[in-house]
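First comes the structure, then the notes that go with it.
Number of protein chains: 4
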Amino acid sequence: MATAKAKAAEKGGPAGAPVPRRLMAAATRLFAERGYDRTSVQEIVEAAGVTKGALYHYFGSKDDLLHEIYGRLLRLQQERLDAYAGSEAPIEERVREAAADVVVTTIDNLDDAMIFFRSMHQLSPDKQKLVRAERRRYHEGFRALIEEGQKSGVFSTATPADLVVDYHFGSVHHLSSWYRPDGRLTPQEVADHLADLLMRALRP
Amino acid sequence: MATAKAKAAEKGGPAGAPVPRRLMAAATRLFAERGYDRTSVQEIVEAAGVTKGALYHYFGSKDDLLHEIYGRLLRLQQERLDAYAGSEAPIEERVREAAADVVVTTIDNLDDAMIFFRSMHQLSPDKQKLVRAERRRYHEGFRALIEEGQKSGVFSTATPADLVVDYHFGSVHHLSSWYRPDGRLTPQEVADHLADLLMRALRP
Amino acid sequence: MATAKAKAAEKGGPAGAPVPRRLMAAATRLFAERGYDRTSVQEIVEAAGVTKGALYHYFGSKDDLLHEIYGRLLRLQQERLDAYAGSEAPIEERVREAAADVVVTTIDNLDDAMIFFRSMHQLSPDKQKLVRAERRRYHEGFRALIEEGQKSGVFSTATPADLVVDYHFGSVHHLSSWYRPDGRLTPQEVADHLADLLMRALRP
Amino acid sequence: MATAKAKAAEKGGPAGAPVPRRLMAAATRLFAERGYDRTSVQEIVEAAGVTKGALYHYFGSKDDLLHEIYGRLLRLQQERLDAYAGSEAPIEERVREAAADVVVTTIDNLDDAMIFFRSMHQLSPDKQKLVRAERRRYHEGFRALIEEGQKSGVFSTATPADLVVDYHFGSVHHLSSWYRPDGRLTPQEVADHLADLLMRALRP
DNA sequence: CATGAATGAGTATTCATTCAT
DNA sequence: AATGAATGAATACTCATTCAT
Chain C
1 MATAKAKAAE KGGPAGAPVP RRLMAAATRL FAERGYDRTS VQEIVEAAGV
51 TKGALYHYFG SKDDLLHEIY GRLLRLQQER LDAYAGSEAP IEERVREAAA
101 DVVVTTIDNL DDAMIFFRSM HQLSPDKQKL VRAERRRYHE GFRALIEEGQ
151 KSGVFSTATP ADLVVDYHFG SVHHLSSWYR PDGRLTPQEV ADHLADLLMR
201 ALRP
Chain D
1 MATAKAKAAE KGGPAGAPVP RRLMAAATRL FAERGYDRTS VQEIVEAAGV
51 TKGALYHYFG SKDDLLHEIY GRLLRLQQER LDAYAGSEAP IEERVREAAA
101 DVVVTTIDNL DDAMIFFRSM HQLSPDKQKL VRAERRRYHE GFRALIEEGQ
151 KSGVFSTATP ADLVVDYHFG SVHHLSSWYR PDGRLTPQEV ADHLADLLMR
201 ALRP
Chain Y
1 MATAKAKAAE KGGPAGAPVP RRLMAAATRL FAERGYDRTS VQEIVEAAGV
51 TKGALYHYFG SKDDLLHEIY GRLLRLQQER LDAYAGSEAP IEERVREAAA
101 DVVVTTIDNL DDAMIFFRSM HQLSPDKQKL VRAERRRYHE GFRALIEEGQ
151 KSGVFSTATP ADLVVDYHFG SVHHLSSWYR PDGRLTPQEV ADHLADLLMR
201 ALRP
Chain A
1 MATAKAKAAE KGGPAGAPVP RRLMAAATRL FAERGYDRTS VQEIVEAAGV
51 TKGALYHYFG SKDDLLHEIY GRLLRLQQER LDAYAGSEAP IEERVREAAA
101 DVVVTTIDNL DDAMIFFRSM HQLSPDKQKL VRAERRRYHE GFRALIEEGQ
151 KSGVFSTATP ADLVVDYHFG SVHHLSSWYR PDGRLTPQEV ADHLADLLMR
201 ALRP
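In structure tokens, the structure reads:
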């Protein structure tokens, strides 16, 4: 039975995975499909094969599910940015790799990302504040890299670093509006192109 | 009273402006403030100083108000893009100006833009299809400009034109997430910076 | 039809009476029968022959219905007390009559009274505050009468007037716990007995 | 640890007292604070520092806790009334002392009393019947004392004994609505005043 | 043109209780 | 004796929309 559980849990699938994981998987899929407010708690628990009581046993509110989805994506991206920031590679390389990496991980978690950009404002005000604070931390980490490149002369200083970050992340956010897994380009190709555009824009 | 009307009508304000305009103004403000689904029809009619009957006299549904907001913004931007596309100026200049202009008009209509990016998926499927088609037309108009520059050799062909357009428009969509009217930069300055980043990225 | 309405409205009956009155009548009966919290909004609207939407069109919440029931009783009793307070009769007579009258009107509105004493604490805190303030005003009006009698020497001063009022009103509150319309004594007989007990206790 | 237990057990406190007692103490406090229906089983077990399983091990239902609170108070008051009834003192003295005593014990157990008068109707019908029967027994015991006084001529027969009992017990029930431990009068003073009012009302 | 009372299906959330361990 | 995950039915409340006037 332990092995059955382990097997089914691979993707948070409905069979024998732990209930909270099943709920998160169902919520993520449904929020991405029809949006947060168009998804009822009833639909989530039906998709997860549990009852409402079980959901509220693990999550305080529908809002909590949304917040957890954000947390999952934010933690992942922050972790990866930290790795690039702390690397020994030349700044130009670190920025290019970080810029491409965030594209790849966004595409790999496109449902989470779509939910993020569409539904953040439906979070309760206090949770929204928390998310914004974490988001800002991420933004500032990236900005620090850009500024480092500008100070060392490998990047143009024509544009304030803040704007550069917003420019790049606008395109990252936008991915969930147009990227289709069955499209012409692989995630890595898209990532390389977008990172390339950023690097070219930063040439002195 | 005629003067009072004229005065209040400046911004679609509540006093004596035509009822449909007052409804649109109220809906736009409220949708931007609290989101489409968090705004009730009751709140809209109260803010507009009319009754529900009046709203349903002019608009078929709440959904229609949203669709109308989209139409207003899309028509404006398409019009302006067409002007740049049809101009006699060198291609580089036309792209730079179009790229900057869409930033300025987006900031000038930041409420509309915020609603656009947050609430498009809350439109009814058929209206969503309509909007997407118009959006695609706009996208293709812009892509044609990029391709013209690539063919004539003034823009690098390293990145497919489609991706370039998505890159730039990602940052335009993103504006409503970070731009604040009381911020450091004027709309025109932001527009110049973002257009500059695009042009630098396109350098051969 | 206007006459039909008028006829049916006599007791707030369900037939043609105005919807708010029908709702109040249904709520009063059900709250008295099974208590506030054991009565669902669904049951109220069914008993009134309307839909939930109609209830919430006229009342902001279930709580509002309760508050309105209190208001109705409080206004009635305050009005009558004011009449006795302002009368020209000798103080002893005024107190006896007021003391008896509150018993009669309590019995005449026994459902309201029962709801009052059982369910007041289930009101929202702010509404509870309002009710308590009005109740205190009533209490103080009655206390003033007692004190007037004490000062003029017709009532004993052995007991503080406050306690006297609480003593009498305890028995008034208690009425809904034991009085049955089909019992041995008429409302007026009960009232006379209780007023008599008060007057005897107040003899110097 | 044994001493810690002993200390905390003084008031049925949470530390080391037996689990059922801790549950009763927590339930009593919470029911008095926010009412029976506004208190969840979860809150009770948290306040008692145990789990739901433990509660249902000792009590059949939430309802049982309420019933037990009633039983505790009723047993105490019946016991004390029986003592006065069986005493050798003159009837006037026995009534005065019983009337005062029930006031003191009500104030000493004000939480129990408040729960009693507010929440009796929230008991299940059959338990309610039981409680009412015990209450009636108490009422009749007190009435017998009044009647004894009336027959022996020391009390007026102007008022039926039943009504006299209801008059006095109305004020006892009412205590939990106004008595505050930090008020002007001690429990004994209040008791003396209320007993005095009763005795004065009964003067022939 | 405009009203606003009324609808009815829908929403998130709560909670006493059970039961496998 | 005790846990705590899970149930499932019930709850108050919302809201876009309709329609007789």
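Protein chains in written order, with the working numbering: chain C, 1 to 204; chain D, 1 to 204; chain Y, 1 to 204; chain A, 1 to 204. Ideal Cβ placement from N, Cα and C applies to all residues, glycine included. These numbers come from a predicted model, not from an experiment.
Check your understanding: Who are the near neighbours of A/LEU23 in its chain, counting only those whose CB is closer than 8 angstroms to its CB and skipping five residues on each side?
Key -> ILE44, VAL45, ALA48, VAL50, ALA54, LEU55, TYR58, PHE59 and LEU65
Review point. Can you tell me whether A/ALA6 is buried or exposed, with buried defined as 16 or more other CB within 10 angstroms of its CB?
Key: In this prediction, A/ALA6 scores a pLDDT of 38, lower than 50, which makes its location untrustworthy; no coordinate-derived value is stated.
Practice item. Examine chain A for any beta-carbon lying closer than 9 angstroms to the beta-carbon of Y/TYR58, and answer yes or no. Key: no
Exercise for review: Return the residue from the list Y/ALA100, Y/ALA26 and Y/GLU33 that minimises the CA-CA distance to Y/GLN42.
Suggested key: Y/ALA26
Review point. In angstroms, rounded to a whole number, what distance separates the CA positions of C/GLY170 and A/ARG29?
Key: 56 angstroms
Practice item. Could you give the DSSP three-state label for Y/ARG136: helix, strand or coil? Key: helix
Practice item. Find out if the Cβ-Cβ distance for the pair C/LEU110, C/TYR70 is shorter than 9 angstroms. Key: no
Practice item. For Y/PHE31, I'd like the list of residues in its chain whose CB is within less than 6 angstroms of its CB, leaving aside the five on either flank, ordered along the chain. Key: THR39 and ILE115
**Study point:** Environment of D/PRO187 [buried if 16+ CB atoms lie within 10 Å]
**Key:** buried
Point to revise | Limits of the unbroken alpha helix (DSSP H) element including Y/ASP196 | key: 187–202
Review point. So which residues on chain A does Y/ALA201 lean against when the C-beta distance must stay under 7 angstroms?
Key: LEU197, ARG200 and ALA201
**Study point:** C-beta contact flag for D/LEU202 and D/ILE146 at 9 angstroms
**Key:** yes
Exercise for review: Give the DSSP-derived three-state secondary structure of D/PHE59 in the structure shown.
Suggested key: coil
Check your understanding: Assuming C/ALA195 contacts C/ALA99 under a Cβ cut-off of 8 angstroms, what Cβ separation, rounded to an integer in Å, is found between them?
Key -> 4 angstroms
**Study point:** Residue range of the unbroken alpha helix (DSSP H) whose run includes C/PRO20
**Key:** 19–34
Review point. Under 9 angstroms, do A/HIS174 and Y/HIS174 count as touching if we go by C-beta distance?
Key: yes
Practice item. Might you give, ordered along the chain, the residues of its own chain that have their beta carbon closer than 6 angstroms to the beta carbon of D/GLN78, omitting 5 neighbours on each side? Key: TYR138
Practice item. Compute the Euclidean distance between the alpha carbons of D/ALA108 and Y/ASP112, then round it to the nearest angstrom. Key: Before going further, note that residue 108 of chain D is Asp rather than Ala in the sequence given. Going from the Cα of D/ASP108 to the Cα of Y/ASP112 covers about 59 angstroms.
Check your understanding: When Cβ atoms are compared, which residues of the region 145–164 of chain A fall closer than 8 angstroms to chain Y?
Key -> SER156, ALA158, THR159, PRO160, LEU163 and VAL164
Review point. Is the distance from the Cβ of C/GLU92 to the Cβ of C/GLY141 below 9 angstroms?
Key: no
Practice item. Count the other C-beta atoms from every protein chain shown that fall within 10 angstroms of the C-beta of A/ALA2, then say buried if there are 16 or more, exposed otherwise. Key: In this prediction, A/ALA2 scores a pLDDT of 38, lower than 50, which makes its location untrustworthy; the coordinate-derived value is nonetheless stated afterwards. Exposed is the call here.
Review point. How is the alpha helix (DSSP H) around D/HIS168 delimited, first residue to last?
Key: 161–178
Review point. Assuming A/LEU74 contacts A/ARG135 under a Cβ cut-off of 8 angstroms, what Cβ separation, rounded to an integer in Å, is found between them?
Key: 7 angstroms
Point to revise | Residue span of the alpha helix (DSSP H) that contains C/VAL103, given as start and end | key: 91–108
Review point. Nearest chain Y C-beta to A/GLN128 closer than 9 angstroms, yes or no?
Key: no
Exercise for review: Report buried or exposed for D/LEU83, applying the criterion of at least 16 other Cβ atoms within 10 angstroms of its Cβ.
Suggested key: According to the sequence shown, residue 83 of chain D is Ala rather than Leu. Classification of D/ALA83: exposed, given that the 10 Å Cβ count is below 16.
**Study point:** Test item: CB-CB of C/VAL103 and C/ALA191 under 9 angstroms
**Key:** yes
**Study point:** CA-to-CA distance, A/ARG34 to A/ARG21, given in whole angstroms
**Key:** 20 angstroms
Check your understanding: Smallest Cα separation from D/ASP126: which of D/PRO160, D/ASP63, D/ALA17 and D/VAL19?
Key -> D/ASP63
Check your understanding: Taking Cβ-Cβ distances below 9 angstroms as the criterion, which residues of the region 25–37 of chain C are in contact with chain D?
Key -> ARG34, GLY35, TYR36 and ASP37
Review point. For D/TYR36, which of C/SER119, C/VAL19 and C/TYR179 has the nearest alpha-carbon?
Key: C/SER119
Check your understanding: Using a C-beta cutoff of 9 angstroms, does A/VAL214 count as contacting chain Y?
Key -> Past the boundaries of the shown model lies residue 214 of chain A; chain A is included only from 1 to 204, so the question cannot be answered.
Check your understanding: Quick one: Cα of C/GLN128 to Cα of D/HIS168, how far?
Key -> 27 angstroms
Practice item. Can you grab the Cα-Cα spacing for the pair D/VAL172 / C/ALA17, in whole Å? Key: 41 angstroms
Exercise for review: Please name the residue, chosen from C/ARG200, C/TRP178, C/LYS52 and C/SER61, that lies closest to C/VAL154 on a Cα-to-Cα basis.
Suggested key: C/ARG200
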